[in-house]
Amino acid sequence: MNEKPAMAPLGPDTRSDHGPSSNKVDQPKPSEIGSSIRTGSRPSALRIVGIGLALYAVLVLALGIVWSRQPPVFDVAALQAEVLAGSGGKPVPGTAVVAAAIGVAETLLDKSGGFLYNDLTPPGLYLDNMPSWEYGALKELRDSVHALRNDFSRSQTQSIENDHAKRADVKFAIDASSWLLPSAEDEYRQAIDALRLFIRDLSTGEDRSARFYARADNLASYLAIVEKRLGSLALRLSASVGDHELTAALVQNVDEKDAVDEVRIDSGGSATSWHLVDDTYYEARGYTWALLHMMRAISIDFAEILASKNADVSIQQIIRDLEGASKPMASPIVLNGHGYGFLANHSLVMASYISRANAAVLDLRILMQQG
1 MNEKPAMAPL GPDTRSDHGP SSNKVDQPKP SEIGSSIRTG SRPSALRIVG
51 IGLALYAVLV LALGIVWSRQ PPVFDVAALQ AEVLAGSGGK PVPGTAVVAA
101 AIGVAETLLD KSGGFLYNDL TPPGLYLDNM PSWEYGALKE LRDSVHALRN
151 DFSRSQTQSI ENDHAKRADV KFAIDASSWL LPSAEDEYRQ AIDALRLFIR
201 DLSTGEDRSA RFYARADNLA SYLAIVEKRL GSLALRLSAS VGDHELTAAL
251 VQNVDEKDAV DEVRIDSGGS ATSWHLVDDT YYEARGYTWA LLHMMRAISI
301 DFAEILASKN ADVSIQQIIR DLEGASKPMA SPIVLNGHGY GFLANHSLVM
351 ASYISRANAA VLDLRILMQQ G
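Just so we're aligned: the sequence shown equals residues 1 to 371 in UniProt numbering.
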């Protein structure tokens, strides 16, 4: 009655679950362990690399946006006083022009991102708007310093040129894309130092060779260069539409047939290529930004000549038009609309300001040439 039921013998499958060999079956082989470790670590490494690249791309994009902002306009009179305070001189004719050239040059080098035209690494490598702006400002700076060397600082054609003005002119003439041995930034720094030495000698009278002749003929020679620069920029900007008759109407003081022919040659007979519209636009903004400061300096240094020629209205008209061309831009991209279409055409707006400034420059130059 109390017998225990007989237990069935364990089969081979059941015994294998409890036998000593079960540990050997369940334990992974060393090769499998290493393989699993490598397989598990590979996604982690790739994930880290991907996150790093994404963060780098975001950083480069953010820096590109910040570095592409146009620098604000500075006060020429305040900068003149600051430079003269450092040299211990007094404000004499020519100090405002030289101070404006120093301010433009230092802005090119010390603005957000520095000088980007010769950059070989991101974000400067892929940016084109700000380098075009820099090139336009540099073009006007070179014209001003060249006029300082050959016209403003010399009493006549056979007079000896000033060494500091000569050095500044030569240093600014280096290729802007040079990045090593020597770099453009180093050469421009040396040019700024030469301008500071010139304004020191001019304001203190220590060097008799440092002179500035605020004469009407010297100003007329400089304005002739400005007139050509503005006319060329107006033609290139208006060519973005591809309407040659409209281009000839916008560019004033130029024969209509010659203007149409020049636009057809420059633009290949059609509108400016879409990928070059923004480059021309920002080059024009850079040139007008630098020219605005130089015209304000001229209104200070040539005040007596302008008053004697009744040219105050002309110089103020130039300054107002240049201020309009240098207004902050609300659109993140340069629009290239046509006629009365849905989109605006920023190039035509810029061309209209430049054409008006060009007409005022022509009037001022004629006044300076009249007796």
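Ideal Cβ placement from N, Cα and C applies to all residues, glycine included.
Among the candidates MET329, VAL97, PRO72, whose CA atom is the shortest distance from the CA of LEU219?
VAL97
Rank GLY113, VAL170, LYS90 by C-alpha distance to the C-alpha of GLN190 and give the top, closest one.
VAL170
Here's a check: name, in chain order, each residue in its chain whose Cβ is nearer than 8 Å to the Cβ of ALA184, leaving out the five neighbours to either side.
PHE115, TYR117, ASN118, ILE174, ASP175, ALA176, SER177, SER178
Check each candidate in ARG320, GLY136, LEU55 and name the one with the smallest Cα separation from ARG356.
ARG320
Taking ASP110 as part of the alpha helix (DSSP H), name the residues at either end of that continuous run.
95-110
Closest by CA to ASP301, which one among ASP186, TYR281, ARG208, ALA77?
ALA77
With C-beta atoms as the reference, is ALA325 less than 8 Å away from ILE354?
yes
Classify PHE152: buried if its beta carbon has 16 or more other beta carbons within 10 angstroms, exposed otherwise.
buried
With H, G and I counted as helix, E and B as strand and the rest as coil, what does DSSP make of ASN150?
helix
CB contact below 8 Å: LEU84 versus chain C
Given the protein chain composition of this structure (a single chain), no chain C is represented.
For the 8 Å Cβ check, are there 3 or more pairs between the region 277-295 and the region 122-139?
yes
Between which two residues does the alpha helix (DSSP H) holding ASN218 run?
216-238
May I have the straight-line CA-CA distance separating ALA303 from LEU108, to the nearest angstrom?
28 Å
Determine whether the beta carbon atoms of LEU84 and SER203 lie at a separation below 8 Å.
yes
If we call anything under 8 Å between Cβ atoms a contact, is PRO123 one with GLY64?
yes
Could you name the residues of the same chain whose beta carbon sits closer than 6 Å to that of MET294, not counting the 5 residues immediately before and after it, in chain order?
ALA100, SER144
Start and end of the alpha helix (DSSP H) containing GLN190?
184-204
Using the C-alpha atoms, what's the distance from PHE342 back to TRP67?
30 Å
Among the residues of its own chain, which have a CB less than 7 Å from the CB of ALA165, if the five just before and after it don't count?
LEU148, ARG149, SER153, PHE198
Given a cut-off of 8 Å, decide if VAL277 and ASN358 are closer than it, judged by their beta-carbon atoms.
no
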